[in-house]
Amino acid sequence: MNSTETVINHTKKLTEKLGRKPGVMIRTFGCQQNEADSEVLMGIALSLGYEKTDDEKKAELIIYNTCAVREHAELKALSITGQLKHLKSENPDLIVCICGCMVSQEHRLSQMKGSYPYVDILFGTAEHGKLTDYLADKIKKGGRYFHPDTDYSIEEGLPVKRESSFKAWVSVMYGCNNFCTYCVVPYVRGRERSRRKECILEEVKALVADGVKEITLLGQNVNSYGKGLYTDYDFADLLEDICGIEGDYLIRFMTSHPKDATEKLIDVMTAHSQPDSRPRIARQFHLPLQSGSDRVLKAMNRHYTRERYLSLVDYMREKMPDIAISTDIIVGFPTETEEDFEGTLEMLEKIRYDAFFSFIYSIRKGTPAEKMEQVPEKVKSERFMRMLDVQNRISLEKNKEYIGKTERVLVEGRSKTDGDMLTGRNEKNRLIHFEGDDGYIGSFADVEVISADTYCLTGKILKK
Ligand code: 5AD
Ligand code: SF4
Numbered sequence: 000m001n002s003t004e005t006v007i008n009h010t011k012k013l014t015e016k017l018g019r020k021p022g023v024m025i026r027t028f029g030c031q032q033n034e035a036d037s038e039v040l041m042g043i044a045l046s047l048g049y050e051k052t053d054d055e056k057k058a059e060l061i062i063y064n065t066c067a068v069r070e071h072a073e074l075k076a077l078s079i080t081g082q083l084k085h086l087k088s089e090n091p092d093l094i095v096c097i098c099g100c101m102v103s104q105e106h107r108l109s110q111m112k113g114s115y116p117y118v119d120i121l122f123g124t125a126e127h128g129k130l131t132d133y134l135a136d137k138i139k140k141g142g143r144y145f146h147p148d149t150d151y152s153i154e155e156g157l158p159v160k161r162e163s164s165f166k167a168w169v170s171v172m173y174g175c176n177n178f179c180t181y182c183v184v185p186y187v188r189g190r191e192r193s194r195r196k197e198c199i200l201e202e203v204k205a206l207v208a209d210g211v212k213e214i215t216l217l218g219q220n221v222n223s224y225g226k227g228l229y230t231d232y233d234f235a236d237l238l239e240d241i242c243g244i245e246g247d248y249l250i251r252f253m254t255s256h257p258k259d260a261t262e263k264l265i266d267v268m269t270a271h272s273q274p275d276s277r278p279r280i281a282r283q284f285h286l287p288l289q290s291g292s293d294r295v296l297k298a299m300n301r302h303y304t305r306e307r308y309l310s311l312v313d314y315m316r317e318k319m320p321d322i323a324i325s326t327d328i329i330v331g332f333p334t335e336t337e338e339d340f341e342g343t344l345e346m347l348e349k350i351r352y353d354a355f356f357s358f359i360y361s362i363r364k365g366t367p368a369e370k371m372e373q374v375p376e377k378v379k380s381e382r383f384m385r386m387l388d389v390q391n392r393i394s395l396e397k398n399k400e401y402i403g404k405t406e407r408v409l410v411e412g413r414s415k416t417d418g419d420m421l422t423g424r425n426e427k428n429r430l431i432h433f434e435g436d437d438g439y440i441g442s443f444a445d446v447e448v449i450s451a452d453t454y455c456l457t458g459k460i461l462k463k
């Protein structure tokens, strides 16, 4: 019996015993790449005879897909893993898997081996396709299994169970070669590797045929797309080819490294983001700055300066004056002085981002910044609050500019905070709340903006 047959046989037996299909519950921490990976894990589990459940008491397979980018994410994953102990003792059929970036680190793998005996299977980020083999081993032989990443090749054709019927992630490349000195990603996701363009184009075509309205192309650094695979084909070429697939859908992509984002890419975006172009590349660009100090950028190993960054922003705004630009900022990177930090505030004022994601620097084991001179916690959090004040003011001012305008919005569902309201995002990725019936969910609608807040807009629906 091969692995697939072994697991299917097992889920059939459980179905007879339980009077229902065995449940699978997956919890995802961290970034969009992890969300995309979890959709593959769910696809595999469903193909093996499990049924999706949100009730952990009805789960015979629980998978936690973890994140390691900051300590906070790791502590959260460890703490909820601890809560699985009682579930495991209550349900003898339960198999517990912990996977993802946290587990790809040796010290966390051995910590989980030693201190979490109720975890059955541990595996990293690279070998999701082997889930079936891992489960089959467990079912056949019992015991516990630890699988550090060994094979970073790309697996095509794995089943995927997408969370949304109208929004989809499509990975174009995996891994990272940049080794920013604060970042754990290159250590846990391996070296850069790109998917073949034919596979990506086929996947996008199939999604569009299925009625998907928004496709986000994912990569740790999408601008490295094609390196080592093609000599004369890059991310801009890929975007151009994707736009050749007919349909009414929006394309987004993330993340771009400022050292690699090209004018060619911006030109392709400009050409395919005109009001009459379908499909349309969203006029939205996520361009992590990380710090506004040249000295800190150097210590971070970012390979660009404020000047290079600003000239990229100028070029984007010259070509697409209404483009929405967002960023990531780290506060309190080792050795950051008050003057360095003021350089970051100055960049926020100069660029006036539409949105930003800010993080207090978190020490990551094994990275070069771990050994640098650390900024005291109190200073870090005080700078963080000052920075929020600056950006919140700018965000509110920018949001107010939408009042009275009509925005085309992809309606995503009911608002989590107010069930009477629908919620969605415009092309610029602005969150908009408005009243309406469920029939709008999953399609584009025109919404007139009535009021603006720091984090969202409120409007009224005009038409589909
Ligand atoms: N501490 C704080 N933030 C970090 N990021 C990456 N590593 C760290 C770290 N050690 C942030 C960066 C990156 C985003 C995804 O997470 O800003 O762009
Ligand atoms: Fe981390 Fe830098 Fe790679 Fe982004 S580019 S994943 S911040 S090492």
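Counting from 0, one number per residue, gives the positions in the sequence shown under numbering that gives the first Met the number 0.
Every residue, glycine too, gets a C-beta built ideally from N, C-alpha and C.
Met420: member of the beta strand (DSSP E) spanning Met420 to Asn425, first to last residue. Shortest Cα-Cα distance from Pro91 to any of Thr52, Asp293, Ile138 and Leu387 involves Ile138. For Phe234, there is no enclosing beta strand (DSSP E); the residue is found in the alpha helix (DSSP H) stretching over Phe234 to Ile241. Put simply, the backbone Cα of Phe28 is about 9 Å away from that of Glu73. In this structure, the alpha-carbon of Gln104 lies about 11 Å from that of Cys98.
In this chain, Ile7 is not harboured by any beta strand (DSSP E); it is covered by the alpha helix (DSSP H) spanning Ser2 to Leu17. The beta carbons of Pro278 and Tyr248 sit closer together than 8 Å.
Ile460 and Ala235 have their alpha carbons spaced roughly 35 Å apart. If you check the CB distance, Asn220 and Cys182 do not come in under 8 Å. The three-state reading of DSSP puts Gln273 in coil, since its state is none of H, G, I, E or B.
If you compare the alpha carbons of Glu376, Ser442, Leu347 and Tyr439 with that of Ile359, the shortest gap goes to Glu376. Distance from Arg301 to Gln283 at the Cβ level is roughly 22 Å; contact not present, criterion being Cβ atoms closer than 8 Å. Residue pairing for Asn64: DSSP places it in a beta bridge opposite Thr27 and Cys98. Your pair Leu47 and Ile94 does not check out as a contact, with CB atoms roughly 11 Å apart and the cut at 8 Å.
CA-CA distance, Glu38 to Val203, rounds to 16 Å. Here Val374 is not near Ile402, since their CB atoms are 8 Å or more apart.
Per DSSP, Gln283 is not a residue of any alpha helix (DSSP H); the beta strand (DSSP E) it occupies stretches across Gln283 to His285. Within its own chain, the residues whose Cβ lies closer than 8 Å to the Cβ of Thr14, once the five positions on either side in sequence are excluded, are Lys20, Pro21 and Gly48, listed in chain order.
For Leu395, the three-state secondary structure derived from DSSP is helix. Counting only runs of 4 or more residues that sit fully inside the stretch 326-399, the alpha helix (DSSP H) segments are 337-350 and 376-399, in chain order. The three-state reading of DSSP puts Thr453 in coil, since its state is none of H, G, I, E or B.
Taking 8 Å as the cut-off, the Cβ atoms of Ser255 and Leu286 count as close.
For Ser361, the Cβ falls inside the 7 Å cut-off from some heavy atom of the ligand 5AD.
Per the coordinates, the alpha-carbon of Pro158 lies some 35 Å from the alpha-carbon of Asp275.
With a cut-off of 8 Å on Cβ pairs, the stretch 407-414 is in contact with the stretch 432-444, counting three or more such pairs.
In this structure, Val207 sits near Gly246, with a CB-CB distance shorter than 8 Å.
Judged by the Cβ position, Gln289 qualifies as a neighbour of the ligand 5AD at the 7 Å threshold, a heavy atom of the ligand being closer than this. Cβ-Cβ distances below 6 Å link Leu344 to Val389 in the same chain, with the five nearest sequence neighbours on each side left out; the list follows chain order.
With a cut-off of 8 Å on Cβ pairs, the stretch 210-230 is in contact with the stretch 163-177, counting three or more such pairs. At the C-beta level, His106 and Glu126 stay beyond 8 Å of one another. Unbroken beta strand (DSSP E) runs of no fewer than 3 residues, entirely contained in the stretch 278-314, are found at 283-285, following chain order. Between the alpha carbons of Glu262 and Val312 lies a distance of about 10 Å. Of the candidates Phe443, Asp452 and Thr457, Phe443 places its Cα closest to the Cα of Gly210. Lys160 and Lys212 have their C-alpha atoms spaced approximately 17 Å apart. Look at Ala58 here: in three-state DSSP terms it is strand.
Near the ligand SF4, meaning a beta-carbon closer than 6 Å to one of its heavy atoms, we find Cys175, Asn177, Phe178, Cys179, Cys182, Val184, Pro185, Gln219, Asn220 and His256.
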